[in-house]
Structures are given as C-alpha cells and as structure tokens.
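Chemist: Everything in the sequence shown is counted per the working numbering, starting at 33 for the first residue and increasing by one. Glycine residues also receive a C-beta, built at the ideal position from the N, C-alpha and C atoms. A single structure is presented below for examination.
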Amino acid sequence: MKPTSIGLRHLRYTIAVADAGGFRAAADVLNIAQPAVSKTVQDTEKDLGFAIFNRTANVFEITEAGHVFLEDARLTLSSFERTIRASRQNGLGTRGHIIVGYSALATSSQISAGLDSFHKMHPGCQVEMHVMSTDAMMRSLKAGAIDIGFLLSHETVKDLEIDQDPIWTTQIGVVVPRNVEHITLDTLRNSDFVMGVRENWRSFRALLDAAFVTGNLNPRITGEAWDVQVIFQRVADGRGLTFYPISAADSLPASLRVLSVPDWTPQLTIAMAWSKVVDTKLLQTFRESFLKNR
C-alpha cells in the first residue's frame, strides 16, 4: 500500500464539509477560503482513490465509501483530540480533565449535586463546563470536542454513535415578570411570546409544538432570539412571555419567575450523552456520579 499524504487537516476539513452539507458552508464554519477547503477534500479523495462526495450543480451527497471513511475519520480525530487534551492537563499536574457541554435548559441543582459527588471521588480532576445547544453538543460529542453532554432528550436527538441516559424530568412552565402571581391557559391564548430561534432551539421548539397541540394553543410569537439571556431580558421588558423548564427556576434573573399552568403540564427530560466510540473509566465514573443521584 502506497504511503499517504492525508493528515489531520484533511480529516477536519472533510468532516466539516459533511457536517455543514457543502463546501461553502464548511468554509464559513472553518473561517477559511472555500478554495482551500475544496482542494483539501480533492487531495484527500485523490489519495484514497475514491470520491467521498457526489456534487453537481443541484446535488450534494456523501457516497457509500465516503460514509465509511467519515466514520473512521471521526474516530481518529476524536481520539487524537482527547489524547492531546489529556496530555496537556497531565503536564499541568491535573489528574484528569473532562469537558462537559450543557443546554441552558439543563441548568439545575441536579448538575451541581452530581459534580459535588464526582469531585469527592476525583478531587484532582478538572471539569470544564460549556453552555451550548443540543445539536451543537451532538456534533461536539462525535468530534471529540466535549466528553459529556447534558441535553434535551427528544426523538429528533439521536445518533448511532451517541449513548444517552435520562437524568431527570421536569414540567415546562411559563416565564413571567416577578409581579405575576398566577397564569392560566386563557392567559396564554391572549399573550405575546418571545421564543428561541428555531435553528438554535430546534428540539425544544419541536417539543413545544407538540405540547401546544395537546393544550389547544397557538401562541402569538412576536419575537425570537438566539441567546436565552436576551429572551429573559425581553420578558423583563414586557415584550412577551416565554417557556422554560421549572427545574431551571434558580437560573432566572431576580426580575422573573417561572409558573406552572393549571390543566396544562408538558414535560421535558434532560439526558446525559456520551460517545460510544471513545469511552474511558474516568468518564464512566463521572456518569455514575449523576446516575446514582437520580
């Protein structure tokens, strides 16, 4: 077999094209010129001897051989990223390093309790926390950018390479100004709402859409925002209400509260997710710290 010229850059660029669904979108994500992405992928295909992508003016798809290559490429890149990260932390004297992603919807005392339990068993391990969307966590878990994700459990959030275990379930309430004491279904039918942009809040919006049907609701959405803090500020400014899990009540600004709605009790489940492909004893211990507190 001839020597290969494929390196980690080739893997990163090719995976980015697959995840973004095209060369232009991948170039935007990588923040580099599109011709550089195209040439790198072409060089990769030439080295391998087969096409990874079929692309015409109207069609972009991954070939059968491309799917197999991408699965192995993700595993290789994920293992490499974890090795470098662990080595750097070892050099700093840290006994282990775990990167955790969590949805704003998962902000809860359950996470704090689990972290406390884990740190008692591994006091020298550094746990790094990053807030991100559920979809971003799924991509980051596959890429090896994070080790654990606390995300919204939903039928649309699935991947064969990712395992999930439900941690807790909570009722979804309505975020209102602090001076509001109660809320009803009729109130919801006559109120304006500020929602998360569907692109960033896809699974939560899908869950809410189903809940609206059961409650015979058609909320009047007058504004959307990408970031949850912007949403909260608009609610505080009187521009509308929004929906949020009651378990995350402690994360609300002092000017707001979250109320349950009589006769309408939609629920949300938070799951802990991790890669099936790359797992370690340290990550298993981390998960056990949360599972025993359920």
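1. Going by beta-carbon coordinates alone, are V163 and A145 separated by less than 9 Å?
2. When you compare each of N90, S140, L220 and E103 to V293 by their alpha carbons, which one comes out closest?
3. I need the straight-line Cα distance from L323 to W200, nearest angstrom please.
4. Straight-line CA distance for A243 to L291?
5. State yes or no: is the C-beta of A280 within less than 9 Å of the C-beta of T202?
6. Determine, using beta-carbon pairs with one atom in the stretch 106-116 and one in the stretch 142-159, whether at least three such pairs fall under 8 Å.
7. In terms of DSSP beta bridges, what is E256 paired with?
8. As an exercise, report each continuous alpha helix (DSSP H) stretch of at least 4 residues that is fully enclosed by the stretch 158-197, in chain order.
9. Locate the beta strand (DSSP E) running through P277, then write down its first and last residues.
10. Assuming R289 and M304 form a contact by the criterion Cβ under 8 Å, report the distance between their Cβ atoms to the nearest whole angstrom.
11. Return the first residue and the last residue of the beta strand (DSSP E) that G133 is part of.
12. Could you name the residues that DSSP lists as bridge partners for S149?
13. Name the two residues that bound the continuous beta strand (DSSP E) containing S70.
14. Counting Cβ pairs closer than 8 Å, one from the stretch 37-53 and one from the stretch 68-84, do we hit at least three?
15. Contact check, G272 vs G255 under 8 Å by CB: the rounded distance?
16. So, at 8 Å on beta carbons, what are the nonlocal neighbours of M170 in its own chain, with the 5 sequence-adjacent residues on each side left out?
17. Since L314 contacts C157 with CB under 8 Å, what's their CB separation in whole angstroms?
18. Would you decide whether H129 is buried or exposed? Buried here means 16 or more other CB atoms lie within 10 Å of its CB.
19. Can you tell me which of S185, A175 and I131 puts its alpha carbon nearest to the alpha carbon of V26?
20. Looking at the unbroken beta strand (DSSP E) that takes in L291, where does it start and where does it end?
21. Specify the secondary structure class of L249 as computed by DSSP and reduced to three states.
22. If we call anything under 9 Å between Cβ atoms a contact, is L80 one with V69?
23. Ignore the nearest five residues each way along the sequence and tell me which others in S235's own chain have a CB closer than 7 Å to its CB.
24. Could you tell me the boundaries of the beta strand (DSSP E) in which I94 lies?
25. Buried or exposed for W233, going by 16 or more other Cβ atoms inside 10 Å?
26. Taking buried to mean at least 16 other C-beta atoms within 10 Å of its own C-beta, is I53 buried or exposed?
27. Alpha carbon to alpha carbon, how far is Q66 from A58?
28. If you draw a straight line from the alpha carbon of I116 to that of L217, how long is it in whole angstroms?
29. Would DSSP call I84 helix, strand or coil?
30. Thinking C-alpha only, which one of E231, L249, G270 and A168 is nearest N222?
Modeler: Reading it off the structure:
1. Here residue 163 refers to the residue found at position 131 when the sequence shown is read from its first residue. Here residue 145 refers to the residue found at position 113 when the sequence shown is read from its first residue. No. Outside cutoff.
2. Here residue 293 corresponds to residue number 261 of the sequence shown, with the count starting at 1. That would be L220, whose Cα lies nearest to the Cα of V293.
3. Within the sequence shown, residue 323 is the residue found at index 291, counting from 1. Within the sequence shown, residue 200 is the residue found at index 168, counting from 1. Their backbone Cα atoms lie some 10 Å apart in a straight line.
4. Position 211 of the sequence shown, counted from the start, is the residue given in the question as residue 243. Position 259 of the sequence shown, counted from the start, is the residue given in the question as residue 291. Answer to the nearest angstrom: the Cα atoms are 16 Å apart.
5. Counting from one through the sequence shown, the residue named residue 280 turns up at place 248. Counting from one through the sequence shown, the residue named residue 202 turns up at place 170. With respect to T202, A280 sits close: the two C-beta atoms are nearer than 9 Å.
6. Counting Cβ pairs under 8 Å, fewer than three are found: no touch.
7. By 1-based counting over the sequence shown, the position of residue 256 is 224. E256 is bridged to M227.
8. The DSSP assignment places complete alpha helix (DSSP H) segments of no fewer than 4 residues inside the stretch 158-197 at 166-175, in order along the chain.
9. Reading the sequence shown from its first residue, position 245 is the one you call residue 277. Where P277 is concerned, the enclosing beta strand (DSSP E) stretches over T274 to P277.
10. Reading the sequence shown from its first residue, position 257 is the one you call residue 289. Reading the sequence shown from its first residue, position 272 is the one you call residue 304. Cβ-Cβ separation between R289 and M304: approximately 28 Å, too far for a contact (criterion under 8 Å).
11. Locating residue 133 in the sequence shown gives position 101, where the first residue counts as 1. H129 to Y134 is the span of the beta strand (DSSP E), which, as asked, contains G133.
12. Here residue 149 refers to the residue found at position 117 of the sequence shown. Note: S149 sits in no beta bridge, so no partner.
13. Taking the first residue of the sequence shown as 1, we reach residue 70 at position 38. Per DSSP, S70 lies in no beta strand (DSSP E) segment; the continuous alpha helix (DSSP H) that holds it begins and ends at Q66 to L80.
14. Contact between the stretch 37-53 and the stretch 68-84 is present, with at least three C-beta pairs closer than 8 Å.
15. To locate residue 272, count along the sequence shown from 1; it is residue 240. To locate residue 255, count along the sequence shown from 1; it is residue 223. With a Cβ gap of about 6 Å, G272 and G255 count as contacting.
16. As a working note, residue 170 is residue 138 in the sequence shown. Its chain contains G181, L183, V189, D191, I194 and A305 as the residues whose beta carbon lies nearer than 8 Å to that of M170, once the 5 sequence neighbours on both sides are disregarded; these appear in chain order.
17. The residue labelled residue 314 in the question sits at position 282 within the sequence shown. The residue labelled residue 157 in the question sits at position 125 within the sequence shown. About 7 Å separates the CB atoms of L314 and C157; that is less than 8 Å, so the two are in contact.
18. Start at 1 with the first residue of the sequence shown, and residue 129 comes out as number 97. H129 is buried by the Cβ-count criterion.
19. The chain is shown from 33 up to 326; residue 26 falls before or after that span and cannot be answered.
20. By 1-based counting over the sequence shown, the position of residue 291 is 259. Boundaries of the beta strand (DSSP E) harbouring L291: L288 to L291, taken from the DSSP string.
21. Start at 1 with the first residue of the sequence shown, and residue 249 comes out as number 217. Coil at L249, not helix or strand.
22. By one-based count along the sequence shown, residue 80 stands at place 48. By one-based count along the sequence shown, residue 69 stands at place 37. The answer is no: Cβ separation not under 9 Å.
23. As a working mapping, residue 235 is identified with position 203 in the sequence shown. Cβ-Cβ distances below 7 Å link S235 to T166, L184, H186, T188 and V189 in the same chain, with the five nearest sequence neighbours on each side left out; the list follows chain order.
24. Taking the first residue of the sequence shown as position 1, residue 94 is located at position 62. Note, I94: beta strand (DSSP E), F92 to I94.
25. On the sequence shown, position 201 is the one that residue 233 refers to. With 16 or more other Cβ atoms within 10 Å, it is buried.
26. Looking up residue 53 in the sequence shown gives position 21. In the sequence on display, residue 53 carries Gly and not Ile. In this structure G53 is exposed. Its beta-carbon is surrounded by fewer than 16 other beta-carbon atoms within 10 angstroms.
27. The residue labelled residue 66 in the question sits at position 34 within the sequence shown. The residue labelled residue 58 in the question sits at position 26 within the sequence shown. Straight-line Cα distance between these residues: approximately 8 Å.
28. As a working mapping, residue 116 is identified with position 84 in the sequence shown. As a working mapping, residue 217 is identified with position 185 in the sequence shown. Roughly 53 Å separates the two Cα atoms.
29. Within the sequence shown, residue 84 is the residue found at index 52, counting from 1. It is coil, neither helix nor strand.
30. Taking the first residue of the sequence shown as position 1, residue 222 is located at position 190. When each option's Cα is compared against that of N222, the closest is L249.
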